[in-house]
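Visitor:
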Amino acid sequence: MDARDEFLELVRQAKEHLRYYQELGVTALGDTERLAAVAAIAKTALPAPVELKTPAPQAELTVPTSPVPTLPTLPALPTLMAMPEPPLLTLPLTTLEAMPKSEDAPLLFGELEPAPQAAAAAAAPVNETLEDIRREMGDCQRCKLWSTRTNLVFGEGSPTAQLMFVGEGPGADEDASGRPFVGRAGQLLTKMIEAIDLKREQVYIANVVKSRPPGNRTPEADEVKACKPFLLRQIACIKPKLIVTLGNPATQSLLETKVGITRLRGEVQTYPHLPGVKVIPTFHPAYLLRSPDKKREAWDDLKKVRAFLRGELEG
Ligand code: URA
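No gaps in the numbering here: position 59 of the sequence shown is 553 in this note's numbering, and each next residue is one more.
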């Protein structure tokens, strides 16, 4: 049910609610005396009417000017008891099903931004290939990074990979070669992949931004925004079972969150842009090169990745 349907449903329920009061003999909601009397009786006879969260219907009703029409006498208590309960403002089942599970809540509440990128990904041609996406990127100049790059680094690996790795952005070696993760961090990533009994060619490797940020600085918001639709389309095209996000920029961008990697790492997260895809964040290999003491935690995360792919870990 979309927002408009949900709104119409609320209006319908509000109307029913008003009809309930009318049936109790209230002809004008400005008639506070009558309302209070009805409320007192209803309190003992019926469950309390549900409070409307929508703008109070009174605001839309014209309070009758004098003389106030004579009201019929209040129905006797047995009649009141036989009356239908006021309609409950329940959410339709479909809405409830679509609601995030409690474990997703920290990711979703207050941290989801409207995702125009998701709309862009959804608008992408249904059966497009990675080649189609690469062709569309062309000699991309959608953000300022184009002016300092040597090569655009699109991504590489199996187009049917079950596992995808997403890093931050190309470094010097990647910029020079046009391939992702080929420098020192890349060599460590290859070892990480092999440690979970996979070959590099079996996975797909991409980055949040496809052009090197000067001096390997963190990609800026406008650069991420310009590049993200293409990453989302790559993911939609590959449909991996699992994405391992490497470090903060990839994790925060793909999960639409501001929560940091230290809190999110090693836990199976829900990818918000495509049903059925999960995300396990872990530390970026470049960070592991600087902080080798974190490798143990990264190895724990990788074991979870392996268990998930083997169907031994619930998403
Ligand atoms: N770091 C990244 O985030 N991506 C690469 O491709 C290389 C290094």
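In this text, a Cβ means the ideal position worked out from N, Cα and C, and glycines have one as well.
In the DSSP assignment, find the unbroken alpha helix (DSSP H) run with Lys-798 in it and report its ends.
Guide: 789-803
Visitor: Quick check on Leu-736: buried or exposed, where buried means 16 or more other Cβ atoms within 10 Å of its Cβ?
Guide: buried
Visitor: Classify Val-718 as helix, strand or coil using the three-state DSSP reduction.
Guide: In the structure shown, Val-718 sits in a helix (DSSP, three-state: H, G or I).
Visitor: Which partner residues of Asn-701 appear in the DSSP bridge assignment?
Guide: Gly-661
Visitor: Quick one: is the Cβ of Pro-707 within less than 7 angstroms of any heavy atom of ligand 1?
Guide: no
Visitor: Does the beta carbon of Asn-645 fall short of 7 angstroms from some heavy atom of ligand 1?
Guide: no
Visitor: At a cut of 8 angstroms, does the stretch 636-645 reach the stretch 696-706 through at least three beta carbon pairs?
Guide: yes
Visitor: Over the uninterrupted beta strand (DSSP E) stretch that includes Pro-775, give me the two end residues.
Guide: 772-776
Visitor: Would you say the beta carbon of Gly-805 is closer than 7 angstroms to some non-hydrogen atom of ligand 1?
Guide: Checking the Cβ of Gly-805 against ligand 1 gives no.
Visitor: Should Leu-740 be counted as a contact of ligand 1 given a C-beta to heavy atom distance under 7 angstroms?
Guide: yes
Visitor: Closer than 5 angstroms from C-beta to any heavy atom of ligand 1: which residues, in chain order?
Guide: Gly-661, Glu-662, Pro-664, Gly-665, Glu-668, Pro-674, Phe-675, Ala-679 and Asn-701
Visitor: Which runs of the alpha helix (DSSP H) spanning at least 4 residues fall entirely within the stretch 633-686, listed in chain order?
Guide: Entirely contained in the stretch 633-686, the alpha helix (DSSP H) runs reaching 4 residues are, in chain order, 666-671.
Visitor: Going by DSSP, what residue range makes up the alpha helix (DSSP H) through Leu-740?
Guide: Note, Leu-740: premise wrong, no alpha helix (DSSP H); beta strand (DSSP E) at 736-740.
Visitor: Determine the direct distance from the alpha carbon of Val-799 to that of Gln-681, and round the result to whole angstroms.
Guide: 19 angstroms
Visitor: Taking its Cβ as the centre, do 16 or more other Cβ atoms sit within 10 Å of Thr-739, making it buried, or is it exposed?
Guide: buried
Visitor: Identify the residues that DSSP records as bridge partners of Gln-763: which are they?
Guide: Val-773
Visitor: Could you say if the stretch 708-719 and the stretch 633-642 meet the contact criterion of at least three C-beta pairs nearer than 8 angstroms?
Guide: yes
Visitor: Using the beta-carbon count (16 or more within 10 Å), is Tyr-515 buried or exposed?
Guide: Per-residue confidence for Tyr-515 stands at a pLDDT of 46, beneath the threshold of 50, marking its modelled position as unreliable; the derived number appears in the next sentence. By the C-beta density criterion, Tyr-515 is buried, having at least 16 other C-beta atoms within 10 angstroms.
Visitor: Tell me the residue span of the alpha helix (DSSP H) that contains Thr-756.
Guide: 755-758
Visitor: For Phe-659 and Ile-699, which I take to be in contact (beta-carbon distance under 8 angstroms), what is that distance rounded to the nearest angstrom?
Guide: 5 angstroms
Visitor: From Leu-624, Gln-746 and Glu-500, pick the residue whose C-alpha is nearest to that of Ile-729; which is it?
Guide: Leu-624
Visitor: Can you tell me where the alpha helix (DSSP H) holding Pro-779 begins and where it ends?
Guide: Pro-779: member of the alpha helix (DSSP H) spanning 779-784, first to last residue.
Visitor: Can you give me the start and stop residues for the alpha helix (DSSP H) that Arg-628 sits inside?
Guide: 624-631
Visitor: By Cβ distance, which residues of its chain are closer than 7 angstroms to Asp-795, with the 5 residues on each side in sequence left out?
Guide: Arg-759, Gly-760, Ile-774 and Thr-776
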